[in-house]
Amino acid sequence: ADHVRNKLGGSNLFVVSNREPYIHSRQDGAIKVTIPASGLVTAIEPILCACNGTWIAQGSGNADREVVDSHDCLQVPPEDPKYTLRRVWLTKEEEEGYYYGFANEGLWPLCHMAHTRPVFRTSDWSYYNEVNARFADALVEQIADEQAPVVLIQDYHFALLPRMIKERLPHARVAIFWHIPWPNPESFSICPWQQELLDGLLGADLIGFHVQAHCNNFLNTVDRVLEAQVDWERFSVRHKNHWSSVLPFPISVDFLEQGTVKTDSNTAEERSQLIAELGIETTYLGVGVDRLDYTKGIVERFLAVESFLERHPRYQGRFTFIQIGAPTRSNIPQYANFQRDVENEAARINERFGRGRWKPIVLLSRQHSHKEVERYYRLAHLCMVTSLHDGMNLVSKEFIATRDDLRGVLILSLFTGASRELRDAIIVNPYDTEATGEAIAQALEMDVSEIADRMQRMRNAVSDHNIYWWAGNLIGDLCDLRLSRNTVLKT
Ligand code: G6P
């Protein structure tokens, strides 16, 4: 955390994201605070706590919706305030068009190779522009007359924001971090507004992705679409007389925070207790934790469990896979259909194999707190992350951070950014059902000393490259850029 503060020098930090870290809802008169299921929130929250900056995000609870004036600020975390949260409240139409529409029916499937067709509507695009402008107003107002503000914009919801900010505040240091993959130029060209999106992003001084491959795809897209100069040696782009650096910053988790679990607890006993609470009988546990999103490969994972039970019948009656699935973006038809597919598939496999009180799959479709999820991570023999495509995937790193007992095997999709760092996971292609099923057998039969060695190496990787390392590098690189070459912004 000191590392991040040092990199900031005396500057104040401003973060913008769509998702807010604390949702305040009124239930039976009282205000209940929940933390949303979001990799972005998990990653960014410790940084804000360490640097007491300002986080600007969409207001999403129902508790304070009446506070729609422009200075809607709270101090959070609620129990121990450390930074400022400013909410921007959107109308129903704005949220439909900008968030559900352009961001999640358009850009999300555009950037993930999950074979879901993106939908682009002109009306959604207008709302996307409008909401980016509303966030620009909020940010400019918050920054007021700061001398050297550092602005970190998060994700695909705000591709137009960097340019909007730099036009109004040329002295601000602006980075945007894209938390999802960037596809190849052919795929990206489906988007009717590719030029505008690239132009908006290139307002930033620094554009960050999780891995080099996404940077390369981005630079190739720019090369093809814009009249811009791409410097492949310095990974930067000159556009409208302004330079933007394009670099990888693999995101991570707050390792220390996650690693505080006691090692001396009686795991076997706790596991039996959990199994009893679930109302089942079984010996071995696998776990998966995801938003119920079609990019996460949840159906493929269930098929792998089915194949494993078919090919290794001795585990019938003894292995149960627990899927924690947080409902997400349910207004979008693909998501509602996906949730149904996941439920049907689990029911079919349970029907096929289940007997007595043993079930092969337990599907828990509701949001769980970090604490609840940690319990599953800690008691499972293996964790499966089988995304069809994923920028990084922080579930894999959270699982590792939790396992200070050096037990537990990670099965990880090769289509996640994390697979490039966590080489000691069992790496699988989730489209290959049999091989992924075999990975389950390999995990359950792995020697304890091998499990410990692999886990130790992965823990070292995550602890060296934790979230503070990520933020320190991002902020450090942003602050090291010479803004002098950025002075002329408009052509
Ligand atoms: C992905 C995105 C994040 C987002 C998260 C949850 O990880 O990159 O920006 O916060 O999904 O999605 P939601 O739509 O619920 O915010």
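Residues 263 to 753, numbered by the UniProt record's numbering, are exactly what the sequence shown covers, in order. Just so you know, even glycine gets a beta-carbon here, dropped at the ideal spot from N, CA and C.
| Check | Outcome |
| --- | --- |
| Any non-hydrogen atom of the ligand G6P within 7 Å of Asp-417 CB | yes |
| Heavy atom of the ligand G6P within 7 Å of Thr-678 beta-carbon | no |
| Met-646 to Val-549 span [Cα, whole Å] | 6 Å |
| Close beta carbons around Thr-544, own chain, < 8 Å, minus the five adjacent residues each side | Ile-537, Gly-579, Arg-580, Phe-581, Thr-582, Trp-620 and Lys-621 |
| Short Cβ contact (8 Å threshold) for Ala-687 with Ser-658 | yes |
| Neighbourhood of Ala-566 by C-beta distance below 6 Å, restricted to the same chain and skipping five residues each side | Thr-695, Thr-698 and Gly-699 |
| Euclidean distance between Cα positions of Ser-287 and Cys-477 | 39 Å |
| Through-space distance from Lys-428 to Pro-589, alpha-carbon basis | 36 Å |
| Paired residues, beta bridge with Lys-294 - DSSP | Ser-287 |
| Neighbourhood of Val-551 by C-beta distance below 6 Å, restricted to the same chain and skipping five residues each side | Ile-586, Val-635 and Val-657 |
| Option in Trp-732, Ser-498, Val-381 and Gly-653 with minimal Cα separation from Ile-452 | Val-381 |
| Buried versus exposed call for Asp-407 [16 or more other C-beta atoms within 10 Å across all chains shown] | exposed |
| Cβ-heavy atom distance, Ser-300 to the ligand G6P, below 7 Å | yes |
| Beta-carbon contacts of Asp-485 that lie in its chain and below 6 Å, excluding the five residues immediately before and after | Val-492 |
| Coil, strand or helix - Asp-493 by DSSP | strand |
| Distance cut-off 7 Å: His-501 Cβ against heavy atoms of the ligand COA | Among the ligands modelled here, namely the ligand G6P, the ligand COA does not occur. |
| Cut-off 8 Å between Cβ atoms - residues of its own chain near Ser-388, not counting five sequence neighbours on either side | Gly-359 |
| Meets three-Cβ-pair contact criterion under 8 Å: the region 462-473 and the region 365-381 | no |
| First through last residue of the alpha helix (DSSP H) which encompasses Ile-729 | 729-742 |
| Heavy atom of the ligand G6P within 7 Å of Ile-442 beta-carbon | yes |
| Counted within 10 angstroms of its Cβ, other Cβ atoms place Gly-541 as buried (16 or more) or exposed | exposed |
| Environment of Arg-617 [buried if 16+ CB atoms lie within 10 Å] | exposed |
| Distance CB(Val-724)-CB(Ile-662) smaller than 8 Å | yes |
| Residue from Leu-275, Asp-326 and Asp-264 whose Cα sits closest to the Cα of Gly-291 | Asp-326 |
| Same chain only: Cβ atoms within 6 Å of Pro-283, ignoring 5 sequence neighbours per side | Val-303 and Glu-307 |
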